[in-house]
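Trainee: I am attaching a structure below and will ask some questions about it afterwards.
Residue numbers (our numbering): 2 to 478.
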């Protein structure tokens, strides 16, 4: 398995620190608003990475934090006249609602900053003791000049960063590039006791303290959006390695931006789409499918037309799965099949694994899924399959879905192909009834009624196909 390591700027063979065990830490949202699609991309992608390791029989320990103490939270809470921690907690629950809709599995641990002040304060004290941090008027700053490897993740030279620095202006810092580990309390802001006086942690220290607590140093994968490479992840490396004297994360993975008209999607630019709003217009399985339709390191430009176009592709996969489920109910299989489908399924599985093994290429994995739909549909149409082939096909569809996580499963283990409304199950039942009525009309040689049903459905975008195994329906592509 190869993955692109931001730290070394090349693809590397992935070798977990412990055999068949993978430790992952992914930076989660700052909980002051609903998540937007830019936030959702890393959540969906790294959930898929986790799923693939599980598919490959690895035991995955997955941590994803919530930043619930932050300047943005305090500002929003003041605007809403609400307690900052209460506001943050409310948006944590809103996050879960959106993440659940997108079929993102819960992490093994979702640590919050507010619940890890002890670990954060202890780590800051170690950095001060080792000479990597200094205290000024109740504020604690990290001295970047003391860390020899500063800039190794982003590839930036400290001298260049100092020359074009765009950092928070604070005359109390020794150097403009130094960053806050602890911020002295200000009137009206939440604060906690520390050896340096009341205050609250800076942004970067939280992930170092929490990842080290739950995974230890030299854990396998640290992930997040590309915008976190600098300064957040760069600063994490500096403070973590300074504190422990050991390497931090072994592999660094970063997904590309979601853009709108080729501009980065962000709340500050006002060009963002909230996941909650997008899900009001599009089914969640389509949104997840769209987010995985492009390689994770490439930018993904968003607009509603592109999402609708992606939906036509997803409908092809849904149709193929529906046809398989229908074929399983009927006795149209040929036990004398030449097993061509079995051979193709083996090839398709290898191609899917190969795509995912090459830096988690979900875009190529999706194209393999399309290859499978064509192969399965062809065999179903021609009747050249055995009952065992049907079982293998269904199992492989389910297996691919266990990695990509597009569809949820119902109580019977079948894939929920439509989750956009409560009427989807009723729609399927009505379609089956229409096919039965049409079939009865054909048996009674009432071809006028049979043709009228077919033509009326065709005008609605529903195609009826008559096969040796019976009639079936699909949405027009």
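Beta carbons are placed, not taken as given, at the ideal position from N, Cα and C, and that holds for glycine.
Predicted, not measured: the structure shown is a model, and the values here were computed from it.
1) With distance defined between alpha-carbon atoms, name the residue in 202, 379, 227, 246 nearest to residue 113.
2) Go ahead and label residue 20 buried or exposed: buried means 16 or more other beta carbons lie within 10 angstroms of its beta carbon, across all protein chains shown.
3) Can you tell me where the alpha helix (DSSP H) holding residue 230 begins and where it ends?
4) Taking only the alpha-carbon atoms, compute the straight-line gap between residue 10 and residue 155 and give it to the nearest angstrom.
5) Taking 6 Å as the limit between beta carbons, can you name the residues of its chain near residue 300, skipping five residues before and five after?
6) Within a Cβ cutoff of 8 Å, which residues of the same chain sit near residue 3, ignoring the five residues on either side of it in sequence?
7) Would you mind stating whether residue 395 and residue 349 have Cβ atoms separated by less than 9 Å?
8) With DSSP as the reference, label residue 174 as helix, strand or coil.
9) Between the C-alpha atoms of residue 278 and residue 35, what's the straight-line distance to the nearest angstrom?
10) DSSP three-state call for residue 474: helix, strand or coil?
11) Using the C-alpha atoms, what's the distance from residue 218 back to residue 404?
12) Go ahead and pull the three-state DSSP assignment for residue 225.
13) Contact between the region 233 to 250 and the region 121 to 130 is defined here as three or more beta-carbon pairs at a separation below 8 Å; is this criterion met?
14) Compute the Euclidean distance between the alpha carbons of residue 284 and residue 419, then round it to the nearest angstrom.
15) Among residues of its own chain, excluding the 5 on either side of residue 363, which ones have a beta-carbon nearer than 6 Å to its beta-carbon?
16) Roughly how many angstroms lie between the CA atoms of residue 434 and residue 454, to the nearest whole one?
17) Out of 31, 463, 66, 116, state which residue places its alpha-carbon closest to the alpha-carbon of residue 76.
18) Determine whether the Cβ of residue 94 lies closer than 9 Å to any Cβ atom of chain B.
19) To the nearest angstrom, report how far apart residue 295 and residue 120 are at their CA atoms.
20) By Cβ distance, which residues of its chain are closer than 7 Å to residue 54, with the 5 residues on each side in sequence left out?
21) Would you call residue 164 buried or exposed, if buried means 16 or more other Cβ atoms sit within 10 Å of its Cβ?
22) Relative to the C-alpha of residue 214, which residue among 123, 151, 196, 142 is closest?
23) Quick check on residue 134: buried or exposed, where buried means 16 or more other Cβ atoms within 10 Å of its Cβ?
24) Where DSSP assigns a beta bridge to residue 201, which residues make up the other side?
25) Using CA coordinates, which residue listed in 234, 345, 290 is at the minimum distance from residue 212?
26) Are there 16 or more other CB atoms within 10 angstroms of the CB of residue 5, so buried, or fewer, so exposed?
27) Here's the rule: buried if 16 or more other CB atoms are within 10 angstroms of the residue's CB, otherwise exposed. What is residue 25?
Mentor: With the given structure in hand:
1) 202
2) The residue in question, residue 20, is exposed, as its Cβ has fewer than 16 Cβ neighbours within 10 Å.
3) Where residue 230 is concerned, there is no enclosing alpha helix (DSSP H), given that its DSSP letter is neither H nor E.
4) 10 Å
5) 257, 258, 260
6) 12, 13, 14, 15, 358, 359, 360
7) no
8) coil
9) 10 Å
10) strand
11) Rounded to whole angstroms, the separation of the alpha carbons of residue 218 and residue 404 is 28 Å.
12) strand
13) Pairwise C-beta distances place the region 233 to 250 in contact with the region 121 to 130, as three or more of them are shorter than 8 Å.
14) Distance between the alpha carbons of residue 284 and residue 419: 7 Å.
15) 293
16) 11 Å
17) 31
18) The chain inventory of the structure shown lacks chain B, comprising one protein chain alone.
19) 38 Å
20) Once the five neighbours on either side are set aside, the close Cβ partners of residue 54 are 23, 61.
21) Residue placement at residue 164 is poorly supported in this model, since its pLDDT is 44, which falls under 50; the coordinates are not used for a value here.
22) 123
23) So residue 134 ends up on the buried side.
24) 184
25) 234
26) buried
27) Buried, because 16 or more other Cβ atoms sit within 10 Å of the Cβ of residue 25.
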